[in-house]
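To start, the structure under review is shown below, and the notes come after it.
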Amino acid sequence: MAPGTLMSETKDLPNTTASKILPGRIKQQESALLHRSLHKAPLEVVSASGHYLTTADGRRILDSTCGAAVACLGHGNERVHAAILKQLNTVAYANSLIFTSTAPEELSRFLVDSTHGHMARAYILSSGSEAMETAMKLARQYFMEKSTPESQRINFIARRESYHGTTLGSLSMGGHVARRALFEPMLLKNVTRVSQCNAYRGMSGHENTESYVARLAQELDDEFQRIGPDTVCAFVAEPVVGAATGCVPAVEGYFRAMREVCDRYGALLILDEVMSGMGRCGTLHEWEQEEVVPDIQTMAKGLGGGFAPVAAVMLNHRIVDQFIKGSGIPSHGMTYQAHPVACAAALEVQRIVQEEDLLANVRKMGTLLGQLMHEQLDDLPYVGNVRGKGLFWGVEFVRDKVSKEPFDPTEGVGIGIHELALEEPFSLSLYPGAGSVDGRRGDHIMLAPAYNVTEAEVRHIVDLTAATIKKFFEAKD
Ligand code: PLP
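Its first residue numbered 117, the sequence shown is counted upward by one per residue in my numbering.
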């Protein structure tokens, strides 16, 4: 059947294994895969190349989000494929709790060197959730490695609007109400939360950036005091908040002020760069733009560009030195950590980012993306806020632009816009997020194109996004 030809009913299909598959949509009752929704069939992608995904029903979808901000080089890359193949033919797997090999060594060296000497070691894992889970455990271990262990340091202070992963530890750290809801009774009790830094939602009319930052620093200080300053292990934050609120960067000076509060009480600063790091915001590490160095940082998505599941935690010298003086061994370990094939893929992705100077393109195209989004979206009805950094931009929707009252999340505005965008004539992927039930934030969509996106593609992405939003609200009104 030619691409684009649609069969209306399953009975039209021949009685083979393939007959269980509808072009474009996998029949849920026939699928053995536990999908995100068991009620709604997912789109089937049959090939992915450059910045486009092709679905079984013949749609060519412009991937303006790199999946979940992952495929930073786009889809398909011969150099990365060759590096993976080479690694498979050299050492596909070696138990990293016992052995090492070239690819993990080279990747960790690359990562450490990329921090201008600030970080000392990289722990390589497979997902962002694992990285955050690992960061929490190693932060705790650091205080226990001291000659006089600080065993009372069991608390983490995170932020209300945040997402740090889906495993119980990382989920406990995040403040994403909907993702936590079902598991609330099982989540860690040693995580408390302060406000995120969000100029649109958090800054009051009479404040300027400086006084806003001072207020947030005071709030963090108060939280240290409330739970006991010497019980705090770390303050945890995403430099640019991703899934929870849709690309919200902090205001100038915020992270410097938070660092000062942490230093005042000897607590660690953990920056979750899983989504906003590895070049997404225009520098390899977002913290380079904040004039702040974390004690621990995590990274994932752009690290391997989706060619392999790979993530990392980096620890600074203060922590590693203590481990060396102490037990000398992280009390942590996973079967697939520092997987050679994943490391080889990530290493090649990072070489390409460097050799093709893609971060310069992220900055240039990011500036254009932001400018076009402001031009085309700011004045649209129901667009409350357009914000972002590098190639990481979000749009927040509100029922009332003046009061900033969000839509009821059950109306499904973010997801509705995303679903409409996938349909023809738009054929565009957008990354949606729901507003909070407590009215603290609205639905949003995020854009996160590949680092090698062209100017024509950026223009096309914004045109399609604007057209989708207009059509969605016309139909809704
Ligand atoms: N931290 C942040 C900031 C994220 O955006 C995510 C995922 O979106 C995670 C952690 C969890 O990463 P993963 O889905 O790879 O487990």
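Idealized CB from N, CA, C, for every residue including glycine.
Have a look at residue i and residue j and give me their C-alpha separation to the nearest angstrom.
| i | j | result |
| --- | --- | --- |
| residue 471 | residue 509 | 25 Å |
| residue 402 | residue 429 | 15 Å |
| residue 228 | residue 588 | 46 Å |
| residue 593 | residue 485 | 28 Å |
| residue 330 | residue 357 | 20 Å |
| residue 590 | residue 583 | 11 Å |
| residue 575 | residue 315 | 27 Å |
| residue 444 | residue 462 | 27 Å |
| residue 151 | residue 160 | 12 Å |
| residue 233 | residue 431 | 11 Å |
| residue 334 | residue 400 | 30 Å |
| residue 493 | residue 260 | 51 Å |
| residue 495 | residue 270 | 47 Å |
| residue 474 | residue 505 | 15 Å |
| residue 543 | residue 164 | 14 Å |
| residue 114 | residue 306 | Here the chain has residues from 117 to 593 only, and residue 114 is not among them. |
| residue 579 | residue 224 | 40 Å |
| residue 258 | residue 540 | 53 Å |
| residue 265 | residue 438 | 11 Å |
| residue 367 | residue 569 | 27 Å |
| residue 294 | residue 287 | 11 Å |
| residue 240 | residue 393 | 15 Å |
| residue 514 | residue 175 | 31 Å |
| residue 384 | residue 536 | 43 Å |
| residue 218 | residue 311 | 43 Å |
Can residue i be considered in contact with the ligand PLP, in the sense that its beta carbon sits closer than 7 Å to one or more heavy atoms?
| i | result |
| --- | --- |
| residue 455 | no |
| residue 462 | no |
Is residue i buried or exposed, if buried means 16 or more other CB atoms sit within 10 Å of its CB?
| i | result |
| --- | --- |
| residue 178 | buried |
| residue 208 | exposed |
| residue 532 | buried |
| residue 522 | buried |
| residue 302 | exposed |
| residue 581 | buried |
| residue 250 | buried |
| residue 441 | exposed |
| residue 336 | buried |
| residue 545 | buried |
| residue 553 | exposed |
| residue 215 | exposed |
| residue 388 | buried |
| residue 322 | exposed |
| residue 595 | Here the chain comprises residues numbered 117 to 593, so residue 595 is not present and cannot be evaluated. |
| residue 406 | buried |
| residue 299 | exposed |
| residue 422 | buried |
| residue 352 | buried |
| residue 203 | buried |
| residue 497 | exposed |
| residue 120 | Residue confidence is low: residue 120 scores 33 on pLDDT, short of 50, so the model does not pin down where it sits. Its coordinate-derived value is still stated next. So residue 120 counts as exposed. |
For chain D, check one thing: does any of its Cβ atoms lie closer than 8 Å to the Cβ of residue i?
| i | result |
| --- | --- |
| residue 418 | The structure shown contains no chain D, having only a single protein chain. |
Every unbroken alpha helix (DSSP H) within the stretch 226-301, with a cutoff of 4 residues, ordered by chain: 244-261, 284-289, 293-296
Check your reading: residues with Cβ closer than 6 Å to the ligand PLP heavy atoms: 184, 243, 244, 245, 248, 279, 280, 281, 282, 354, 358, 359, 388, 390, 391, 416
Every unbroken beta strand (DSSP E) inside the stretch 172-232 [3 residues or more]: 176-179
Continuous beta strand (DSSP E) assignments of at least 3 residues falling wholly in the stretch 421-465: 427-432
Entirely enclosed alpha helix (DSSP H) segments - the stretch 351-421, minimum 4 residues: 370-380, 417-420
Unbroken stretches of the alpha helix (DSSP H), 4 residues or longer, contained in the stretch 481-548: Runs of the alpha helix (DSSP H) inside the stretch 481-548: 529-538.
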